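Protein chains in written order, with UniProt numbering: chain A, 1 to 257; chain B, 1 to 257.
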DNA sequence: GCAATAGTGTCTATCAGACATTATTCT
DNA sequence: AGAATAATGTCTGATAGACACTATTGC
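Here it is in structure tokens:
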């Protein structure tokens, strides 16, 4: 931290503060033309910016995340969270959606910005700052596209991950934490279920993510009391036992958990 | 979003995914030397990355934030959140600390990453992605450095801000939201108070941030029950009335609110 | 009738919120 | 005595968690 302060005081090694830059310091890209342009912002070294997308879904009664296998240095043959460079004309969220689309073919899923990781040294090739997004996919729609790409991809239990490249384990930990917290006070869980589901299935979502057993009666009481569920009238029969009611999430009833 | 997908399919306009790049694609900066380096990552256009720091403090019984006045296009003469380019060898957090130090001379304050803003048009000069940090300063230490810099800086009530440059109003809104939420379930509020404080002062912090009156008895009951306060034995006498006990925050008692 | 899961209610402890009076200091 | 703020407790309604039995289906 002290080195950086020095670098800043030294006018030649670091750029001045952006918001203090005089008018002439920039070549406007899509703004009005400026009077003088003696100063090119490109003379400064810039980090690379990537957008990674941590996708999570419930598969085989497990919370799983999609990883891709690296085929080159660094971290050759290790698994990593999918991501890519940001294009100059797309928003961060668009880049995340693009990545999501490329890897899974799925659109319109739950997506939120998770955190930005940018330690120098996290990528040995060059300075890479990664804005990480976090997506939740419902298991049903996901079945469609199994293995499609040339690159090796796979779904892994977040509880039994292989060794991950870069600081990606830290990212998964961060995401899992966020997911668990949001589970308690938002309706985020519904993004992991198909449109219709039983209360038992919803409970299972909570149990898998929180990684603990929940009491059936208390759980149902709590969910039902919020009025966020709509009885579809339909029932789901599987196995040799009493069929379960199918519900649908009603986002209109914005009664928080 | 659709344009970006096109751009991606068009091999010449966008870079390949970072994590899929073959080994030879990079000039290692501080890694092992690679066998072949026909590919220079610098050929791709890169966004600028800045780190902005939204500083908040309690001043004059008000929640205020530090802004600097812009002196050039764009948004000339408007107020903005302080920030600057990131140096290639410093972490995001180090950059935020550097900015904090430059603007206020203060160190060791509460600092957390808030969010990353990166819409393509948010700065008309060039593509700028800003990682925003959020700092809380205690009012007492802050008195020391009043007006020091050449650039015009000022503290403004978050509730009566002037028109802000760029998307900075959105950033303030986001920060205020985060602060309010964290107030309820963390001990973040103590960062806005000096080492010793009265319960009334603590209550005032909550009232100012939540922007509503709180019941004195309920507030004290709740705080005291968490055991996060330590009675210093000292009292604070001001005005012609009964003096108030001075407390100190005890971080050891990690009893969440 | 057996296996298997769906569906349901009560009691208790804890917490949040409404609410008014006494205590201490200075002038 | 009066002004000003500190300090304190009770009641009530809501919520969370522990806990066990009946209902429906297929075989």
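Glycine included, every Cβ here is placed at the ideal spot set by N, Cα and C. As the structure is a prediction and not an experimental result, all values here were calculated from the model.
Item to check | Inter-residue spacing [alpha-carbon to alpha-carbon] between residue 206 (chain A) and residue 158 (chain A) | outcome: If I take the Cα positions, the gap works out to 15 Å.
Item to check | Residue from B:108, B:118 and B:98 whose Cα sits closest to the Cα of residue 92 (chain A) | outcome: Of the residues B:108, B:118 and B:98, the one whose Cα lies closest to the Cα of residue 92 (chain A) is B:118.
Item to check | Host alpha helix (DSSP H) of residue 70 (chain B) (start-end) | outcome: First-last for residue 70 (chain B): undefined, no H or E at that position.
Next on the checklist: So, with DSSP's three-state summary, where would you put residue 228 (chain A)?
Outcome noted: It is coil, neither helix nor strand.
Checklist entry - Name the chain A residues whose beta carbon is nearer than 7 Å to that of residue 119 (chain B)? => result Chain A residues near residue 119 (chain B): 91.
Checklist entry - Pairing CB atoms from the region 204–221 of chain A with CB atoms from the region 56–68 of chain A, are three or more of them under 8 Å? => result Contact between the region 204–221 of chain A and the region 56–68 of chain A is present, because at least three Cβ pairs lie under 8 Å.
Checklist entry - Residues bridged to residue 130 (chain B) by DSSP? => result Bridge partners of residue 130 (chain B): B:50 and B:117.
Next on the checklist: Contact criterion: CB-CB distance below 7 Å. Does residue 131 (chain B) meet it with respect to chain A?
Outcome noted: By the rule that beta-carbons nearer than 7 Å mark a contact, residue 131 (chain B) touches chain A.
Next on the checklist: So residue 86 (chain A) contacts chain B; which residues on that side make the cut at Cβ distance below 7 Å?
Outcome noted: Ordered by position in chain B, the residues that pass the 7 Å Cβ test against residue 86 (chain A) are 47.
Checklist entry - What residue does the beta strand (DSSP E) around residue 246 (chain A) start on, and which one ends it? => result That run of the beta strand (DSSP E) goes 244–249.
Next on the checklist: Please report the distance separating the alpha-carbon of residue 173 (chain B) from that of residue 180 (chain B).
Outcome noted: The straight-line gap from Cα to Cα measures roughly 11 Å.
Item to check | Residues bridged to residue 153 (chain A) (per DSSP) | outcome: In the DSSP output, where bridge partners are listed per residue, residue 153 (chain A) has A:68.
Checklist entry - Can you list, in chain order, the residues of its chain whose CB lies under 7 Å from that of residue 162 (chain B), leaving out five sequence neighbours each side? => result Beyond the five residues adjoining it in sequence on each side, residue 162 (chain B) comes within less than 7 Å, by CB distance, of 79 and 156 in the same chain, given in chain order.
Checklist entry - Starting from residue 202 (chain A) and walking both ways along the alpha helix (DSSP H), at which residues does that stretch end? => result 199–210 is the extent of the alpha helix (DSSP H) around residue 202 (chain A).
Next on the checklist: Residues of chain B with CB closer than 7 Å to the CB of residue 44 (chain A), please, in chain order.
Outcome noted: What residue 44 (chain A) touches in chain B: 85.
Item to check | Nearest residue (CA-CA) to residue 284 (chain B), options B:106, B:111, B:171 and B:152 | outcome: Beyond the ends of chain B as shown, which are 1 and 257, falls residue 284 (chain B); an answer cannot be given.
Next on the checklist: Pull the bridge partners of residue 57 (chain B) from the DSSP assignment, please.
Outcome noted: For residue 57 (chain B), the pairing in a beta bridge is given by DSSP as B:64 and B:137.
Checklist entry - Can the beta-carbon of residue 86 (chain A) be found closer than 7 Å to that of residue 49 (chain A)? => result Yes. Within cutoff.
Next on the checklist: So that I know if they touch, is there some Cβ in chain A lying closer than 7 Å to that of residue 116 (chain B)?
Outcome noted: Judged by the 7 Å Cβ criterion, residue 116 (chain B) is in contact with chain A.
Checklist entry - Are at least three pairs of beta-carbons, each pair with one atom in the region 193–207 of chain A and one in the region 247–254 of chain A, less than 8 Å apart? => result Counting C-beta pairs with one atom in each stretch, the region 193–207 of chain A and the region 247–254 of chain A have three or more that are closer than 8 Å, which means they touch.
Item to check | Contact set between residue 113 (chain B) and chain A, taken where Cβ atoms lie within less than 8 Å | outcome: Simply 115 and 116.
Next on the checklist: Residues in the same chain with beta-carbon distance under 6 Å from residue 232 (chain A), minus the five sequence neighbours each way, listed in chain order, please.
Outcome noted: Excluding sequence neighbours, residue 232 (chain A) sits near 196, 246 and 248.
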